[in-house]
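**Q** Okay, here's the structure, questions in a sec.
There are 2 protein chains.
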Amino acid sequence: MTVRRISILGATGSVGSSTLDLIRQDRDRWQVVALTANCQAQELARLAREFSAEVAVVADEAHLPELRGALNGTPVTAAGGAAALTEAAARPADITVAAIVGCAGLAPTMAAIEQGQVVALANKEALVSAGDVMMAAVERAGTVLLPVDSEHNAIFQCLAGNDLAHVRSITLTASGGPFRDWSAAQLAVATPAQAVRHPNWAMGAKISVDSATMFNKGLELIEAWHLFPVGLDRLRIIVHPQSVVHSMVEYRDGSTLAQLGPSDMRVPIASCLAWPGRMDTPLPPLDLAALGELTFRAPDEVRFPATRLCREAAEAGGAMPALLNAANEVAVAAFLAGQISFTRIADTVAQVLDVSNDAAPPRSLDDVLWIDRAARQRAQSVLELV
Amino acid sequence: MTVRRISILGATGSVGSSTLDLIRQDRDRWQVVALTANCQAQELARLAREFSAEVAVVADEAHLPELRGALNGTPVTAAGGAAALTEAAARPADITVAAIVGCAGLAPTMAAIEQGQVVALANKEALVSAGDVMMAAVERAGTVLLPVDSEHNAIFQCLAGNDLAHVRSITLTASGGPFRDWSAAQLAVATPAQAVRHPNWAMGAKISVDSATMFNKGLELIEAWHLFPVGLDRLRIIVHPQSVVHSMVEYRDGSTLAQLGPSDMRVPIASCLAWPGRMDTPLPPLDLAALGELTFRAPDEVRFPATRLCREAAEAGGAMPALLNAANEVAVAAFLAGQISFTRIADTVAQVLDVSNDAAPPRSLDDVLWIDRAARQRAQSVLELV
């Protein structure tokens, strides 16, 4: 068995931890190149020691002395700051797991893509905000982009051996979130505490709210639109409360392929790590007889306008998806801080998009970052927070 | 687009008709080599004219004069009898649809396999009774065997791009048939008229009864065991009344791929005809939101012992699957004739298997045919019909 070189950008986060769990299972197969974190220097140092990483990088340079101290006497190179992060991402690796959250992940993800190897992508902004720029780099470098997100990974698996030209439609499944069955009146007074209780996945506050508003699914629609260019009119969303079917692809002959599995990120991560093969995960087999039923219903875009807004932003293209993403982040933060109501999140995003049809399409990562900052200011001004 | 040469063995049956429907859609892509039927000479002649077949063959030589008359003045060669049938199947073709029902289909299917091209297999006996012999021929000739049966075709699609070594399990779905929810007492007095009412598929009487007893699913398990050699312990059956999920493959990483679609044979046939591409079928898209729910439950092998008997026959190997298949055919005929009760079908099969552990494994098609005849006699003697 050949040893594969792997870098993990965002090693202390949830995707990073799950990746390292899987590597731990089959330690001899992997040589860890770079591990990075935002500011958790102690945890990063512990992982870098355990996995004998070549380099460990904290994005926040203020934590570099702490990292240096913790790695003292080991052969691991410690580094810090944005440039060091990008440099680490550019080190030759057979596969890079790009799992840094937010716009901070854009530059290192781009560096990993430009290497031209395999990139397992878990950074949402890379496709939502910088999709055109990133996909152009993927094309240029001949990189294999493997989606880590469970829905997109499901689609990738359902497409194996098939040509996109034969796809009739791609359907993303959505749990519907904690407010799936709430009335418009109930949604108007939904609290942050209620919004962060996700039925099927344990997640952070921001993504839990995105799941409650359905922005999460809308953003995934934009990602799917970049990853699987079959056209927006062939991309669908269906509500599937059990979250067992992760997504589906229907072909022109009437065959639909679906990927099912537990709500555990180790499944899609393992499928990326072992691609085009498979590796073991310690998860129990799927027991559909015990589950009994899988249910499906059409999404309600009146109560949950987010998916419609995301589709419209994708249709408009250019800067719109980046604007939408930034506006949503500001609105969610305001909701979590108790400053606005739940339904005001989507309203805010719609307002920002309405006043932003002047934005030029981003041609570089710098353009994306500029749009992101501008959109945040606009969202705050819409919310009268500035 | 290249023109592909196709032969259809069993052109007037249900699979044959569906195949010709699909070819009609894209007529210029296909050159029809051989069309065969058992005795429907008029219908066969009509199809041979329409599709400008090179040769038309009736298996029953008594109908050859009728076929000759109907094809008079056309360039189609008419032929009749078992040898002519096998000869037609051996004509060079890019793909052969082997859809002759019963043991009469074995020799022509074998001839098509020995050609070493692509064989779309719809003859159950080829794998159930002659599996070892057929699969050895497939191996020898380097033939691509594409399963037409909706369950096996589903599995084939779910395996695309994957290695059998990575399969954790394969699950065949079963509608459960018309007696799914009947008690043992009700089953004991079930009538032929009740048994032939299948909830999801329009089928002939024999296969409808097989669906009611679950022998159909058991025979499919034996077929799957030959087609996808992952071992009997990795083959499962699950009851899924809606028959939307046609089968599933679970991988070692916890990913399950499922194929879903309408209960229409044109879907798996189209997938064979266009393999490894896809072709259009006129079927409406899958609407899971309209369906609402998919349900699953474990099979009940006390009320429906057929799947257990089939698994045991496969485990025993050798002549046992052929014996089981023949015994089941005799028992089903007796049930349909009102001679035995519904539950006696499985009992008869079990009895024939019990008294037949002396049978030598078949090494050739002739052996298979001999075993088939012997098993029929034994079944009739068990039933005291001789």
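Going down the list, the sequences are from chains Y and W.
At position 96 of the first sequence (counting the first as 1) the number is 96 in our numbering, and the numbers step up by one without a gap.
Whatever position you read off the second sequence (first residue = 1), add 1000 for our numbering.
Even glycine gets a Cβ: it sits at the ideal position worked out from N, Cα and C.
1) Sorted by chain position, which residues of the same chain lie with C-beta nearer than 7 Å to Ile371 (chain Y)'s C-beta, five sequence neighbours on each side aside?
2) Could you tell me whether the Cβ atoms of Ala306 (chain Y) and Phe215 (chain Y) are closer together than 8 Å?
3) Might you give, ordered along the chain, the residues of its own chain that have their beta carbon closer than 7 Å to the beta carbon of Asp264 (chain Y), omitting 5 neighbours on each side?
4) Following the continuous beta strand (DSSP E) through Ile170 (chain Y), name the residue where it begins and the one where it ends.
5) Run down chain W in chain order and give the residues with a C-beta less than 9 Å from the C-beta of Gly176 (chain Y).
6) Is Thr1096 (chain W) close to chain Y? Criterion is C-beta to C-beta, closer than 8 Å.
7) Enumerate in chain order the residues of its own chain whose CB-to-CB distance from Phe1335 (chain W) is below 8 Å, with the five nearest sequence positions on each side excluded.
8) Taking contact to mean 3 or more Cβ pairs, one atom from each stretch, closer than 8 Å, check whether the stretch 167-179 of chain Y and the stretch 245-263 of chain Y are in contact.
9) Val57 (chain Y) and Leu85 (chain Y): beta carbons closer than 8 Å?
10) Against chain W, with Cβ distances strictly below 8 Å, would Phe296 (chain Y) count as a contact?
11) Residue range of the beta strand (DSSP E) that Ile95 (chain Y) falls in?
12) For the stretch 1247-1267 of chain W, enumerate the residues whose C-beta is nearer than 8 Å to any C-beta of chain Y, in chain order.
13) Does the Cβ of Pro299 (chain Y) have 16 or more other Cβ atoms within 10 Å, making it buried, or fewer, making it exposed?
14) Is Ile1238 (chain W) close to chain Y, meaning its C-beta is less than 8 Å from at least one C-beta of that chain?
15) Quick one: is Gln117 (chain Y) buried, meaning 16 or more other Cβ sit within 10 Å of its Cβ, or exposed?
16) I'd like the list of long-range same chain contacts for Leu1047 (chain W), defined as Cβ closer than 6 Å, with 5 residues on each side in sequence excluded.
17) Between the Cα of Gly1292 (chain W) and those of Y:Ala290, Y:Ala289, Y:Ser52, Y:Phe296, spot the shortest distance and give me the residue it belongs to.
18) Got a sec? Which residues, its chain only, sit under 7 Å from Val244 (chain Y) by beta carbon, not counting five neighbours each side?
19) Which residues in chain Y have a C-beta closer than 8 Å to the C-beta of Thr1281 (chain W)? List them in chain order.
20) Please return the same chain residues whose Cβ sits closer than 6 Å to the Cβ of Ala1078 (chain W), not counting the five positions on each side in sequence.
21) Measure from the C-beta of Arg311 (chain Y) to each C-beta in chain W and report whether the shortest distance is under 8 Å.
22) Grouping DSSP H, G and I as helix and E and B as strand, with all else coil, what is Thr1343 (chain W)?
23) For Glu293 (chain Y), decide whether its Cβ has a neighbour in chain W, counting only Cβ atoms nearer than 8 Å.
24) Exposed or buried, Pro178 (chain Y), counting other C-beta atoms within 10 Å across all chains shown (16 or more means buried)?
25) Comparing alpha-carbon positions, which option in Y:Ala374, Y:Val76, Y:Val97, Y:Arg27 lies nearest Trp275 (chain Y)?
26) Would Ser1169 (chain W) pass as an interface residue toward chain B - the criterion being a Cβ-Cβ separation below 8 Å?
27) Does the stretch 1105-1114 of chain W come close enough to the stretch 1012-1021 of chain W that 3 or more CB-CB pairs lie under 8 Å?
28) In chain W, which residues lie less than 7 Å from Pro147 (chain Y) when you measure between Cβ atoms?
29) When the distance is taken between beta carbons, is Pro1147 (chain W) closer than 8 Å to Leu1235 (chain W)?
30) With a cut-off of 8 Å on the beta carbons, I'd call Asp253 (chain Y) and Met1248 (chain W) a contact; round off their distance for me.
31) Locate the beta strand (DSSP E) running through Ser247 (chain Y), then write down its first and last residues.
32) Would you please verify whether the beta carbon of Arg278 (chain Y) is less than 8 Å from any beta carbon of chain W?
33) What is the rounded straight-line gap between the Cα of Ala1185 (chain W) and the Cα of Glu1301 (chain W)?
34) Answer yes or no: do Leu1286 (chain W) and Ala1313 (chain W) have a C-beta to C-beta separation smaller than 8 Å?
35) Whose Cβ in chain W lies nearer than 7 Å to the Cβ of Ser271 (chain Y)?
**A** Checking against the coordinates, here is how it stands:
1) So the qualifying residues of the chain are Ala319, Ala322, Leu323, Ala359, Pro362.
2) yes
3) A distance below 7 Å between beta-carbons, with the five flanking residues on each side excluded, links Asp264 (chain Y) to the following residues of its chain, in chain order: Leu283.
4) 167-174
5) None at all; the shortest Cβ gap to chain W is about 12 Å.
6) By this cut-off, Thr1096 (chain W) is not an interface position.
7) Pro1192, Ala1195, Val1209, Ser1341, Phe1342, Arg1344, Ile1345
8) yes
9) yes
10) yes
11) 95-98
12) Flagged, chain order: Met1248, Glu1250, Tyr1251, Arg1252, Asp1253, Gly1254, Ser1255, Thr1256, Leu1257, Ala1258, Gln1259, Leu1260, Gly1261, Pro1262, Asp1264, Arg1266, Val1267.
13) buried
14) yes
15) Looking at its Cβ environment, which holds 16 or more other Cβ atoms inside 10 Å, Gln117 (chain Y) is buried.
16) Ala1011, Leu1035
17) Of all alpha-carbon atoms in Y:Ala290, Y:Ala289, Y:Ser52, Y:Phe296, the one lying nearest the alpha-carbon of Gly1292 (chain W) is that of Y:Phe296.
18) Contacts found: Leu260, Leu291, Leu294.
19) Arg252, Asp253, Gly254
20) Ala1056, Leu1067, Arg1068, Leu1071
21) Proximity of Arg311 (chain Y) to chain W, defined by a Cβ-Cβ separation below 8 Å, is not satisfied.
22) Note: Thr1343 (chain W) maps to helix in three-state DSSP.
23) yes
24) buried
25) Y:Val97
26) Here chain B cannot be found, since the structure's protein chains are Y and W.
27) Flag = no, the stretch 1012-1021 of chain W and the stretch 1105-1114 of chain W do not touch.
28) Under the 7 Å cutoff, chain W gives no residues; its nearest Cβ is about 13 Å from Pro147 (chain Y).
29) no
30) Asp253 (chain Y) to Met1248 (chain W), Cβ: 19 Å. No contact.
31) 245-251
32) By this cut-off, Arg278 (chain Y) is an interface position.
33) 15 Å
34) no
35) Near Ser271 (chain Y) (Cβ distances below 7 Å), the residues of chain W are Asp1253, Ser1255.
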